[in-house]
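Protein chains in written order, with the numbering used here: chain E, 4 to 486; chain V, 4 to 486. For each residue, glycine too, the CB sits at the ideal point set by N, CA and C.
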């Protein structure tokens, strides 16, 4: 039997996460790593369909808060990049450049501030044009020099970037808070991925921003990864691109800007890592391309009868908005059970002679592995109820895991221990505002960890001294290992 | 008043199509041509939202015929391109290359055969893996040297590409026919764009294909444009990429392949060109981001009352699946009427004191400019019915125009006249199989027209002689002017 045909999974997520992760990506056909360009992957149908559903929920949330979609070119002239000094400095090493075809020197977009904002210069004239809230779904390109990791760090990835312009700083700052709420609503409440909204240290801002708030979450190997980040761009870009508006008194002002960037492919990595178990993927009901799989159990001469009933049920499920499918492949039922468990489909029902005569199905629930009986007429109602409970359970489990992953540390050794225990360290810290402080250097150089920042969603008051230098602590900071 | 604020349109589509087209793209905010890279445009929200709906209908049609979505990298190594000799020869002049970062020479995809098929080599092993039907939504890049035209010919455009592999030639040929049916079902029946399925002359095949069927349609200036094309790739690529499968007798064979490529952004050009009138766009009900716009008519002190009723109606429309919106801008009603007519929204209702007291609305219909009265409780039912009729009317009108645009020609002079009358010429022709025939040369060089090919959906039997050389005609061919 070829490796691709293996149907049982059984890899310990806890003990061998790295193996678990790369094996499940391939075996559940999320993606294929064998594309012959370093750092570029092929997303296979199962992965593409999950991402499609994740995009949909994100776009609904964006549109419901006044954002409109648009499509910008994938190429950006060098002259645009150069306009904001910090931005070009930060991104230049990661840019893929096109071979020159004429006078133009073109970059493949690593992010699209400098594409959007030259148009904002043309589109924004008056206070009536504000706020301007646009987003695009896009593939972006970064010439990563660090080791790439499937879905986590690639040279091409798939994201949404929202670019907003406002008349006042207050509105812009409010937007940053709204972005955090959107991450909470979509990534946490719908996809089940908990996170810490972290105001980044001064030295770790987005190139061209006043400040940056990253959404950090953790992988089972203790590595933190940054999910959607939101940036108060302030007036850096509006000054660089001369984006001015006339206020109600005809006075010209520069706009205040924010941008927000959820990377759907990277969030998928967290969805996989948080919810999966030793049997494979567990996909939240809200985003599973198949929410219920029907496995027909054939005996002699009953194939047509069983299939007819399966089709009838499937149609009823689809009509009531449940993504149901039937596995009609020529395989043993046991193989099919394992296969769909590995793919992470929330519910399975078997359909054989017994079920038909009783008009009752037994629903297998992927995460708890429990079985629940239900009469045919109540099935679609039951599945919806179970689907709702399924997602709530996944969120709760992820939350409990995440909460346990944050460790209060009273001194250097405790930080060291927390990090080696695959935790995020939380500790009193002198300041995240000073670039290149000795204390930050200690964490980053000595402990090989990253200062994630301070809470952006609430004020955490320090009550003691910096655990590194012993001076007065101004903040409570967080640190973790990153890939 | 700035140009952007102009609200009336009034450009003659018939007499000055070129001006009409570029003005409406900008005034209806479909796109912006001022992006500072030649051949690259920005799609604004109104354009992006229409395209979103077009993509959705196309994807539903693809999925209902067994296609699954996937996402491939935007870069393709030169070595892949080189594998199929005809393909590299055909596409090489149009490829954007990336600056080399290492040993790899990477192209920005102009089309993705050579990306997909190296993976098909890995994914296809047995007859059980066939047919394999995958598609991706993608931006593609072509270094066009001819003049670019917004949505029609750009250096970046947005399409779907479907890549299918089969066990037999028969199945592959059947797929080509299915693709034509899909173009008919989606582009014609849903978007209202009529076309001729044209089997291309031998010398005008897709690089690497056995034969190509293009879907040609016409613009109001008499120029033909190619819409979705489908290609019987045969075994050219499967041999180049060594894509083999074991049949039921364990015998190894090369797969048979097809590909199909509807360019959504280019189809949008045809939607705009066919349906619009001198007042601006007319968007088919099926794909209009706003299907019904509600214009509140305020008098003193009734603002809240009117807006409450407008919100109530909007909610009811949305609940019954009608994309309704309210224009609450601080403008005169007349301005709003013209604005939404120009944007092409199918229906408009005004909502003032009179409508509220009568509980009756007057529905303005964009294409016929008729008004229909309807009581509030029946409104959503009525709009759905009118929406259906709206699209049927657009299709019929486009069909009648298209039919009139095809002219039977008995000799060279009649072809010449048809072309100068902005028509497609239909005529007896010796052969489209011979590369570089004198007759084709006459049409292409002397008349500066393009031999479109012969009908692919039916056999048209010639009864006379080739209108160019006077020898026996083997085919009935079509020719037209292209951009």
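Cβ neighbour criterion (16 or more within 10 Å) applied to residue i
i, result
"residue 136 of chain E", "buried"
"residue 178 of chain E", "buried"
"residue 105 of chain E", "exposed"
"residue 304 of chain V", "exposed"
"residue 313 of chain V", "buried"
"residue 159 of chain E", "buried"
"residue 241 of chain E", "buried"
"residue 321 of chain E", "exposed"
Short CB-CB distance (under 8 Å) between residue i and chain E
i, result
"residue 4 of chain V", "Low confidence applies to residue 4 of chain V: its pLDDT is 38, below 50, so where it sits in the model is not reliable, and the reading given next is rough at best. No, residue 4 of chain V lies away from the interface with chain E (no Cβ there is under 8 Å from its Cβ)."
"residue 167 of chain V", "no"
"residue 45 of chain V", "yes"
"residue 81 of chain V", "no"
Where the beta strand (DSSP E) through residue i begins and ends
i, result
"residue 88 of chain V", "That residue, residue 88 of chain V, is in no beta strand (DSSP E); its alpha helix (DSSP H) goes 88-94."
"residue 327 of chain V", "327-329"
"residue 59 of chain V", "Segment 48-67 is the alpha helix (DSSP H) holding residue 59 of chain V; no beta strand (DSSP E) there."
"residue 351 of chain V", "350-354"
"residue 364 of chain V", "363-368"
"residue 271 of chain E", "It is not in any beta strand (DSSP E) - residue 271 of chain E instead sits in the alpha helix (DSSP H) that spans 267-278."
"residue 456 of chain V", "453-458"
"residue 426 of chain E", "Element bounds for residue 426 of chain E: n/a, residue is neither H nor E."
"residue 375 of chain V", "374-378"
"residue 220 of chain E", "214-221"
"residue 110 of chain V", "109-111"
"residue 202 of chain E", "199-202"
Best match in the options for proximity to residue i [C-alpha to C-alpha]
i, options, result
"residue 410 of chain E", "E:398, E:400, E:399 and E:423", "E:423"
"residue 121 of chain E", "V:45, V:254 and V:230", "V:45"
"residue 289 of chain V", "V:344, V:308, V:259 and V:389", "V:389"
"residue 306 of chain E", "E:280, E:333 and E:319", "E:333"
"residue 475 of chain V", "V:227, V:486 and V:430", "V:430"
"residue 278 of chain V", "V:327, V:60 and V:403", "V:403"
"residue 115 of chain V", "V:131, V:125, V:145 and V:127", "V:145"
"residue 69 of chain E", "E:238, E:464, E:326 and E:168", "E:168"
"residue 432 of chain E", "E:412, E:232 and E:420", "E:412"
"residue 414 of chain E", "E:39, E:76, E:274 and E:428", "E:428"
"residue 40 of chain V", "E:118, E:478, E:65 and E:52", "E:118"
"residue 79 of chain E", "E:195, E:112 and E:466", "E:112"
Cutoff 8 Å: residue i Cβ touching any chain V Cβ
i, result
"residue 38 of chain E", "yes"
"residue 341 of chain E", "no"
"residue 102 of chain E", "yes"
"residue 262 of chain E", "no"
"residue 483 of chain E", "no"
"residue 120 of chain E", "no"
"residue 447 of chain E", "no"
"residue 99 of chain E", "yes"
"residue 345 of chain E", "no"
"residue 31 of chain E", "no"
Strand pairing of residue i, partner residues [DSSP]
i, result
"residue 261 of chain V", "V:167 and V:235"
"residue 255 of chain V", "V:249"
"residue 478 of chain V", "V:432"
"residue 135 of chain V", "V:168"
"residue 129 of chain V", "V:249"
"residue 333 of chain V", "None; residue 333 of chain V has no bridge partner."
"residue 35 of chain E", "E:45"
"residue 186 of chain E", "Paired residue(s): none; residue 186 of chain E is not in a bridge."
"residue 140 of chain V", "V:163"
For residue i, the first and last residue of its enclosing alpha helix (DSSP H)
i, result
"residue 306 of chain V", "306-322"
"residue 416 of chain V", "415-423"
"residue 386 of chain V", "382-407"
"residue 25 of chain V", "20-30"
"residue 442 of chain E", "441-444"
"residue 85 of chain V", "81-85"
Contact test: residue i Cβ vs the ligand FAD heavy atom, cutoff 7 Å
i, result
"residue 347 of chain V", "In the structure shown, the ligand FAD is absent, as is every other ligand, since no ligand is present at all."
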